[in-house]
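J.: Submitted below is the structure of interest, expressed as structure tokens.
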Amino acid sequence: MQETPYSPPKADLANNNPVSTPGFGELMESQSKGIIGLRWIATYLDFAVLFSFLLIPDYLLGNTVYRETLPIWLSLLVLYFPALEGFSGYTVGKYICRIKVVDCHGQAPGVWKAVLRTLLRVIEVNPFLAGGIPAGLVACFSKKGQRLGDMIADTYVAPVRTIDTYHFGPSDGMQKRTT
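Sequence positions in the sequence shown follow this note's numbering and run 5 to 183.
Structure (structure tokens):
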């Protein structure tokens, strides 16, 4: 079988040594600190989107109809982060800032991991408590640039160009794309 740039790493069978390639966590150790500002901007863009879920329908529908349909708008608030991050890795703010939530394979994390991130986001990134300062401090001082929600869910927030540069195989290894 011919080897391609996307082939998984081969083991050194003669010496019984598997080839070790770093995973996404190791990559983030070297690149995590530069995106904390982008994460903060993306968070406040997302807060603006969430706020618009409450203001725009009230303005367009009128207060009476808005109050009757309030469960719909509150559902959008609750589902915003788990659905968007879980399925695509993006929110509106992250898409604008060109950053993405990924798992250790460089893929969208899935709904369950996004729910875990969101549950901790309520405490870490609450604009009414400390405005994201706790999450920012934890991400600044963590080895891989993760906030608590990322650590518990085993997710990373990375620049899209970094994710697009590497191929992550099923063995949690990565290889630099050559094409």
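Glycine included, C-beta positions come from ideal geometry on N, C-alpha and C. No experiment lies behind these values; they were computed from the predicted model shown.
Pull the bridge partners of K104 from the DSSP assignment, please.
T.: Counting from one through the sequence shown, the residue named residue 104 turns up at place 100. DSSP, once it has assigned bridges, lists A162 as partnering K104.
J.: Kindly give me the distance between the Cβ atoms of V161 and V105, rounded to whole angstroms, as I take these residues to be in contact under 8 Å.
T.: Locating residue 161 in the sequence shown gives position 157, counting from the first residue. Locating residue 105 in the sequence shown gives position 101, counting from the first residue. Yes, V161 and V105 are in contact; Cβ-Cβ is about 5 Å, under 8 Å.
J.: Mapping the DSSP letters down to three states, classify L141 as helix, strand or coil.
T.: Counted from its first residue, the sequence shown places residue 141 at position 137. L141 falls in the helix class under three-state DSSP.
J.: Identify which residue in G93, F57, R43 has its Cα closest to the Cα of V119.
T.: Here residue 119 is taken as the residue at index 115 of the sequence shown, counted from 1. Out of G93, F57, R43, G93 has the C-alpha closest to the C-alpha of V119.
J.: Output yes or no for whether 8 Å exceeds the beta carbon distance between D50 and V82.
T.: The residue given as residue 50 occupies position 46 in the sequence shown. The residue given as residue 82 occupies position 78 in the sequence shown. No. Outside cutoff.
J.: Hey, would you say P75 sits closer than 8 Å to G90, going by beta carbons?
T.: Here residue 75 corresponds to residue number 71 of the sequence shown, with the count starting at 1. Here residue 90 corresponds to residue number 86 of the sequence shown, with the count starting at 1. Result no, Cβ atoms of P75 and G90 do not sit closer than 8 Å.
J.: To the nearest angstrom, how far is it from the Cα of P86 to the Cα of S79?
T.: Counting from one through the sequence shown, the residue named residue 86 turns up at place 82. Counting from one through the sequence shown, the residue named residue 79 turns up at place 75. Using only the alpha carbons, I get a separation of about 12 Å.
J.: Which residue wins for smallest C-alpha separation from C108, given the options T159, V164, G38?
T.: As a first step, residue 108 is located in the sequence shown; it is residue number 104 there, counting from the start. Out of T159, V164, G38, T159 has the C-alpha closest to the C-alpha of C108.
J.: Looking at R121: is its Cβ nearer than 8 Å to the Cβ of G149?
T.: As a first step, residue 121 is located in the sequence shown; it is residue number 117 there, counting from the start. As a first step, residue 149 is located in the sequence shown; it is residue number 145 there, counting from the start. The answer is no: Cβ separation not under 8 Å.
J.: Just to confirm, are A52 and K117 a CB contact at a threshold of 8 Å?
T.: To locate residue 52, count along the sequence shown from 1; it is residue 48. To locate residue 117, count along the sequence shown from 1; it is residue 113. Not closer than 8 Å, so no.
J.: Return the CA-CA distance between W44 and G136, expressed in angstroms with no decimal places.
T.: Along the sequence shown, read from residue 1 onward, the residue named residue 44 stands at position 40. Along the sequence shown, read from residue 1 onward, the residue named residue 136 stands at position 132. Rounded to whole angstroms, W44 to G136 spans 8 Å at the Cα level.
J.: What are the boundary residues of the alpha helix (DSSP H) that includes N67?
T.: The residue labelled residue 67 in the question sits at position 63 within the sequence shown. Note, N67: alpha helix (DSSP H), 67-72.
J.: How far does the alpha helix (DSSP H) with I39 in it extend, from its first residue to its last?
T.: Indexing the sequence shown from 1 puts residue 39 at position 35. I39 -> no alpha helix (DSSP H), and no H or E assigned at all.
J.: Here's a check: name, in chain order, each residue in its chain whose Cβ is nearer than 6 Å to the Cβ of R102, leaving out the five neighbours to either side.
T.: Indexing the sequence shown from 1 puts residue 102 at position 98. Only V164 meet the Cβ criterion.
J.: Suppose you measure from the CA of M155 to the CA of F55; what does that come to, to the nearest Å?
T.: As a first step, residue 155 must be located in the sequence shown, where it is residue number 151. As a first step, residue 55 must be located in the sequence shown, where it is residue number 51. Approximately 27 Å between the Cα atoms of the pair.
J.: Tell me whether the beta-carbon of K98 lies closer than 8 Å to the beta-carbon of A46.
T.: Indexing the sequence shown from 1 puts residue 98 at position 94. Indexing the sequence shown from 1 puts residue 46 at position 42. Yes; because the gap between Cβ atoms is below 8 Å, this pair is in contact.
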